[in-house]
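To start, the structure itself, in structure tokens.
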Amino acid sequence: MCHLVTHEVARKGCCRGTQAWLKTAGGIGDDFGYSLSVVSDGTFDLAGCFSNSCTFGPGEPGQTVLASDGGLDGFVGHYGADGALDWVRRVGSPSHVLAPNVAAAPAGGLALGLTLQSGTGGVTFAPGEGNETTLLGQGGRDNAVARYAADGSLLWARLESSPSEETYVRVAVDAWGSILVAAGFSGEMKVALGQADEMTLTSAGMFDAYVSRYAAGGALIAAWRVGSSGDDYARDVTALPDGSFLVTGSLNDSVTFGAGDPNETTLVSGGGFDIFVARPNADGGF
83 MCHLVTHEVA RKGCCRGTQA WLKTAGGIGD DFGYSLSVVS DGTFDLAGCF
133 SNSCTFGPGE PGQTVLASDG GLDGFVGHYG ADGALDWVRR VGSPSHVLAP
183 NVAAAPAGGL ALGLTLQSGT GGVTFAPGEG NETTLLGQGG RDNAVARYAA
233 DGSLLWARLE SSPSEETYVR VAVDAWGSIL VAAGFSGEMK VALGQADEMT
283 LTSAGMFDAY VSRYAAGGAL IAAWRVGSSG DDYARDVTAL PDGSFLVTGS
333 LNDSVTFGAG DPNETTLVSG GGFDIFVARP NADGGF
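Each residue of the sequence shown is one higher than the last, beginning at 83 in the working numbering.
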């Protein structure tokens, strides 16, 4: 029955589309596209990682070849609505750059989040450019966040580092240009490591979920964590028009959200991992 219905729809042409364009980027190594973010004018941002050398926009006027530092390097690029490459930038590291995540900023430019397989080698944003920035972690798996202008120039970069581990990061940008970062961490983590506004988060035992917020200029506004004696993770975050945000993830055991707030809520998993969705206010209160 399903086959007959699908065939009938296709025969009538209801599901047929005309391909507008198709683009490729790559080289002789392994190359991965991980994240897309579409801008209101139809242009879009693309983030991923590559090995060896990678050619972006092959055959186009803006063709760009990037070479990695040895392992997997990260990249972020901006493309026109027709798929033509506008610009692409490399994020280099002696270790592996994992799962880059991109979010377009309403006023132009973008935020980029990524995870380092090992923080010992650090990460370099805008290598070879005048605003080149290298961040060195504490030795475990680290997360980093960076802000790029509309022309691809690096505005700032910050590191979130612990001697233990952190999970893959997700980013969002709100209407005022502030950046939200969501992931999980274990042990003691320094948010905005090495900056004057550095904050320390300490997990309750295993992995805890966390969200940090940076101003458009890069200053750390706040960082929040929720967790239990089990493993808890933040998996995604999105900004809302009023400055609040939604965060989703997984919890294990018993987790209290908004401790001390009027809306303090304790969730208890039914066994194993359960899903949570939370809406903190702009200041992190629930």
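No residue lacks a Cβ here, since even glycine has one placed at the ideal position from N, Cα and C.
Query	Result
Residue 241 and residue 275: beta carbons closer than 8 Å?	yes
Could you name each continuous alpha helix (DSSP H) segment of 4 residues or more that falls completely within the stretch 208-262, going from the start of the chain to the end?	none
Hey, out of 209, 147, 161 and 224, whose CA is closest to residue 177's CA?	224
DSSP three-state call for residue 368: helix, strand or coil?	coil
Ignore the nearest five residues each way along the sequence and tell me which others in residue 323's own chain have a CB closer than 7 Å to its CB.	257
In the DSSP assignment, what residue or residues form a beta bridge with residue 272?	243 and 282
Can you tell me whether residue 94 is buried or exposed? The criterion is at least 16 other CB atoms within 10 Å of its CB, across all chains shown.	Residue placement at residue 94 cannot be trusted, given a pLDDT of 49 that sits under 50; what the coordinates show is reported in the next sentence. Exposed, since its Cβ has fewer than 16 Cβ neighbours within 10 Å.
Quick check on the burial criterion: 16 or more other C-beta atoms within 10 angstroms. Buried or exposed for residue 314?	buried
Going by alpha carbons, who is nearest to residue 283 out of 127, 306 and 261?	306
With DSSP as the reference, label residue 203 as helix, strand or coil.	helix
For residue 191, count neighbouring Cβ atoms within 10 angstroms of its own Cβ and tell me buried if that reaches 16, exposed if not.	buried
For residue 118, report the span of its beta strand (DSSP E) as first-last.	113-120
Of the choices 292, 188, 246 and 264, whose alpha-carbon is the least far from that of residue 230?	188
Measure the Cβ-Cβ separation of residue 170 and residue 196 and say whether it is below 8 Å.	no
Across the stretch 123-135 and the stretch 151-162, are there enough close Cβ pairs to call them in contact, namely three or more that are closer than 8 Å?	yes
Would you kindly work out how many angstroms separate the C-alpha atoms of residue 234 and residue 166, rounded to a whole number?	15 Å
Hey, which unbroken runs of the alpha helix (DSSP H) at 4 residues or more fall wholly within the stretch 128-206?	none
Using the Cα positions of residue 221 and residue 245, report the straight-line distance between them to the nearest angstrom.	5 Å
Am I right that residue 154 and residue 133 are in contact with their C-beta atoms under 8 Å? What's the rounded C-beta distance?	5 Å
Residue 290: buried (16+ other C-beta within 10 angstroms of its C-beta) or exposed?	buried
Mind checking who residue 328 pairs with in its DSSP beta bridge?	320
Could you check what DSSP says for residue 306 in three-state terms: helix, strand or coil?	strand
Run through the DSSP bridge pairs and tell me what residue 334 is partnered with.	355
Any idea which residues DSSP pairs residue 264 with across the strands?	252 and 293
When DSSP labels each residue in this structure, what does residue 349 get in the three-state scheme?	strand
Consult DSSP for residue 107 and reduce its assignment to one of helix, strand or coil.	coil
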